[in-house]
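As given, the protein sequences belong to chains A and B, one line each in that order.
Using the working numbering, read the first sequence as starting at 1 and increasing by one per residue.
Using the working numbering, read the second sequence as starting at 1001 and increasing by one per residue.
We put the CB at the ideal spot given by N, CA and C, even for glycine.
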Amino acid sequence: MAQGDEHALGTLFDRWATLVNSVAVRIVQDPDEAEEIVEDTFWQAWRQADRYEGERGTVAAWLGTIARSRALDRLRAHRRSREEPWAQPPAEHPTTSSPEPIAHTSDPARDAEHADQRERVARALDALSAEQRETILLAYFGGLSQSEIAERCGLPLGTVKTRTRLAMEKLRGLLATLDEGVRR
Amino acid sequence: MSNDFTHDQLREMLATEALHPSSGAEGEAVRMHVAGCDACAAELAGYRDAAAQLAFLAPAEPMPAARERRVRDRLLTRAGAGREGVRPGRPAAPAGSPISRTPDEPDIKPRIDDRTREGVAPMPRRFGGGGWLAAAASIVVLLGTLSLFVAQRRELQGLRQRVTTATIATQTLASDLASRDSLIETLIGPQVEIVQLTATGDRPPSARMFWNRETDRWTLVGHALGAPPEGRTYQLWLITTTSATPVGAGTFAPDSSGSAVHTATYPLERDALVAIAVSEEPAGGSPQPTTQPFLVGSASSE
């Protein structure tokens, strides 16, 4: 892609634009701003393709990380300029106990794959306690630091740090287990 | 700075660092530490991978087609413009600089002339004719080495980019295959029960529900579905013996060809399913159906 093959960029965009847009909309809650984030994300991927290391993560995770970072930059800039209170708590994530819709696109296989991935991560997240889940989602989608989460939740900073660490340890293990299950 | 913390303390910080990189002293200490500790670097990579997968939790928000096309066009235009200017992997150099040349330009000789004329001071006469020859030979060797280095570096960069492109293409292909396998697995097999849904009125749509009892996955495949009116959507309902009211199983909309694939996960005993229905509801769905279903399938009909 970094060789100047625009076709590769087009393919990458077609494949992952929905995921990137979903992350952006979820964080900034504004479709117009999300549009800019989507463009920024793929542009950064295009410019930095040689930094991508396949063995260290999937393309989706790489793009999702770039999109999140871009979206959080904007979110923080808005917070600084407006001095608004922190965003509302993240909406409840999909659970495995109730059916969840998937959005339509023209590629059913891709939709099904996204739904599978989403369900897998949701299943792992469901195994965490409600407090751990909230902490993870506030940090990931809300972009809150440990101190900010502590302040927001009225908890000692040490408690938040411990909660985050335990949650991430558990999440990593669960995702690895679920990956194994898929491979079997 | 990482010396202010023990190895165990730094290791405990890895998980939080992966989720929300700290700009403070702790973050700096972790980054310094992992630069020299392979075990912690690997552990941090594992946490980062787990954190990255949280992106999938964002509710699916496809871009409207016009917007998606606009962004795609802008990206490709920018990429094309970039390619015509400075080619990725081929850094530009100022005109006249030692590594500046056109593809057809000889690699070494013109620069020797330039440097001899402008940049290299005359040697003292005491070197004599042999000294001049030796100096010139040294410059030739030096520039030759430099040229070789630049060429090899360029080649290496090109190879790295080709590997990156190939890796992305391979991953995408593998991902496509995996998703198709996953879809096929959902639709076939002895554990899959099929419920045919038919239109209740004059409307032409039809659909089939594939219920994979082993995984509790429900996959509705619909055809000839018209686009729902503005502000409306289609919602899937499960009518069961275990619930007094229909169970909402998510909203969906067809693509431009009128087809739709909608998946959901819902554990249910085989005998508990009575029927499946699809109705038109306000965007976002309803807790309970607000209109008569236009697609219905009885569990006992198959």
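Neighbours of Asp111 (chain A) in chain B, taken as residues at a C-beta separation under 7 Å, are given in chain order as Val1261. Taking a beta-carbon distance threshold of 8 Å, Pro1190 (chain B) does not count as an interface residue toward chain A.
When Cβ-Cβ separations below 8 Å define contact, Phe1294 (chain B) makes no contact with chain A. The beta carbons of Lys170 (chain A) and Ala127 (chain A) sit closer together than 8 Å. Interface criterion met: the Cβ of Arg1072 (chain B) is under 8 Å from a Cβ in chain A. The straight-line gap separating the alpha-carbon atoms of Ala1050 (chain B) and Glu1280 (chain B) is approximately 38 Å. A contact between stretches requires three or more CB pairs, one per stretch, nearer than 8 Å, and the stretch 1236 to 1252 of chain B meets this requirement with the stretch 1280 to 1299 of chain B.
Closest option to Thr177 (chain A), judged by alpha-carbon separation, among A:Arg79, A:Leu155, A:Ser129 and A:Arg120: A:Arg120.
Rounded to the nearest angstrom, the gap between the Cα atoms of Ala17 (chain A) and Leu1148 (chain B) is 41 Å. Of all residues in the stretch 1190 to 1217 of chain B, none is placed with a Cβ closer than 7 Å to any Cβ belonging to chain A. Leu144 (chain A) and Leu1076 (chain B) have their alpha carbons spaced roughly 34 Å apart. Taking the beta carbon of Gln44 (chain A) as reference, no residue of chain B falls within 7 Å; the closest one sits roughly 11 Å away. When CB distances to chain A are screened at a threshold of 8 Å, the residues of the stretch 1015 to 1049 of chain B falling below it are Ala1015, Thr1016, Ala1018, Leu1019, His1020, Ser1022, Ala1045, Gly1046, Tyr1047, Arg1048 and Asp1049, in chain order. Nearest Cα to Arg1011 (chain B) within the set B:Ala1025, B:Met1032, B:Asp1004 and B:Cys1040: B:Cys1040.
Assignment of Gln48 (chain A) by DSSP, reduced to helix, strand and coil, places it in the coil class. Taken in chain order, the members of the stretch 158 to 174 of chain A whose beta-carbon sits within less than 7 Å of a beta-carbon on chain B are Lys161, Thr164, Arg165, Met168, Glu169, Leu171 and Arg172. In the DSSP secondary-structure assignment, Tyr1234 (chain B) is bridged to B:Phe1252 and B:Glu1280. With at least 16 other beta carbons inside 10 angstroms of its own, Arg26 (chain A) counts as buried. At a cut-off of 8 Å, the C-beta of Ala1277 (chain B) has no neighbouring C-beta in chain A. For Thr65 (chain A), a Cβ of chain B is located within less than 8 Å of the residue's own Cβ. Taking CB atoms only, Arg68 (chain A) has a neighbour in chain B less than 8 Å away.
Excluding residues up to 5 positions away in sequence, nothing lies with its Cβ nearer than 8 Å to the Cβ of Glu1061 (chain B) in the same chain. Close to chain B, meaning a Cβ-Cβ distance shorter than 7 Å, are the following residues of the stretch 21 to 40 of chain A: Asn21, Ser22, Val23, Val25, Arg26, Glu35, Val38 and Glu39.
DSSP, reduced to helix, strand and coil, places Met1209 (chain B) within a strand of the structure shown. Membership of Glu1012 (chain B) in the alpha helix (DSSP H) is indicated by the continuous run His1007 to Leu1019.
Excluding five sequence positions before and after Thr1233 (chain B), the CB atoms of its chain that fall closer than 8 Å to its own CB belong to Thr1251, Phe1252, Ala1253, Glu1280, Glu1281, Pro1282, Ala1283, Gly1284 and Gly1285, given in chain order.
Ser1257 (chain B) sits in coil when the DSSP states are folded into three classes, being neither helix nor strand. Around the C-beta of Thr1290 (chain B), fewer than 16 other C-beta atoms lie within 10 Å, and the residue is accordingly described as exposed. Between Arg74 (chain A) and Glu39 (chain A) a beta carbon distance of about 13 Å is seen, past the 8 Å cut, so the two are scored as non-contacting.
The beta carbon of Arg1069 (chain B) does not come within 8 Å of any beta carbon belonging to chain A, so the residue lies off that interface.
A residue is called buried when at least 16 other Cβ atoms come within 10 angstroms of its Cβ; Asp50 (chain A) meets this threshold and is buried. In terms of beta-carbon proximity, Leu1057 (chain B) lines the interface with chain A, with at least one pair separated by less than 8 Å. If you draw a straight line from the Cα of Asp5 (chain A) to the Cα of His114 (chain A), it comes to about 26 Å.
8 Å or more divides the Cβ of Phe13 (chain A) from the Cβ of Arg1074 (chain B).
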